[in-house]
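According to the numbering used here, the sequence shown holds residues 19 to 206 in order.
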Amino acid sequence: MDKKERIYHAVLEIALQGGISATPMSKIANHAGIAAGTIYRYFENKEVLLSELYNSIADELYQVMADRHDESLMLETCIYEMWKGIIDYYLANSNKVKFMHEYRMSYHASKEVLCKQKEVYALFTQVLHRGVEQQLIKPISCAVMSSMILGPITELYIYHESGIAVVDDAMIKEAFSVIWQGISKQTN
């Protein structure tokens, strides 16, 4: 693991314990096993560090969706595969997900970084728009559609992390079925 990765790893481990705002650069450097001054060779300040880490995680999440995106699939299956990819990522990368959610809600998040979220889900949004154009999906506003589709991912993740429920394939399929019924123009 190179120094930059060690710094990112340190942020994910310690910033989430005491909160992003309460974590000084010196503590991050110490946890990463590097000199306090070395961290500034990689990052101008804490805001830049947090922003770059957020962007790195967002890029990973985008790649998950891009890898699952297949236009040759039926629309419902295409959306499901991308959606399930997000859930799988959340369940496998707990610290990264916690960081992303905390960072988006913190004062550290710049407008540019918050726009990154829109960029990450752009491919997903394109698939949904295609569904609306093909009259397979209800013409719901983008904000409402995103909340209906992405909100359950966060809730299932929280249930899983807190031990309230075991999020398995059956639960994931059931959740998507409910989502699809809510956005689909087709009546089954």
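By construction, the Cβ of each residue, glycine as well, lies at the ideal position given by its N, Cα and C atoms. Every value quoted in this text rests on a predicted model; they were computed, and no experiment measured them.
Contact annotation: the stretch 39 to 51 does not touch the stretch 92 to 105, with fewer than three C-beta pairs closer than 8 Å. Here isoleucine 25 carries a helix assignment [DSSP, helix/strand/coil]. Going by beta carbons, isoleucine 25 and isoleucine 57 fall inside the 9 Å limit. Close CB contacts of isoleucine 105 within its chain, under the 8 Å cut and outside five residues either way in sequence, are with Ile171, Leu174, Tyr175, Val185 and Ile190 (chain order). Non-local C-beta neighbours of lysine 203 in its own chain, meaning closer than 7 Å and more than five positions away in sequence, comprise Gln153, Leu154, Ile155 and Lys156, ordered along the chain.
Under the DSSP definition of a beta bridge, isoleucine 155 partners with Ser202. Here glutamate 89 carries a coil assignment [DSSP, helix/strand/coil]. For threonine 172, the enclosing alpha helix (DSSP H) stretches over residues 160 to 180. Taking 9 Å as the cut-off, the Cβ atoms of alanine 76 and glutamate 137 count as close. Judged by DSSP in its simplified three-state form, methionine 189 adopts helix. Across the structure, isoleucine 52 and tyrosine 60 are spaced so that their CA atoms are roughly 12 Å apart. Histidine 87 and glycine 55 have their C-alpha atoms roughly 42 Å apart. Secondary structure of valine 82 (DSSP, three-state): helix.
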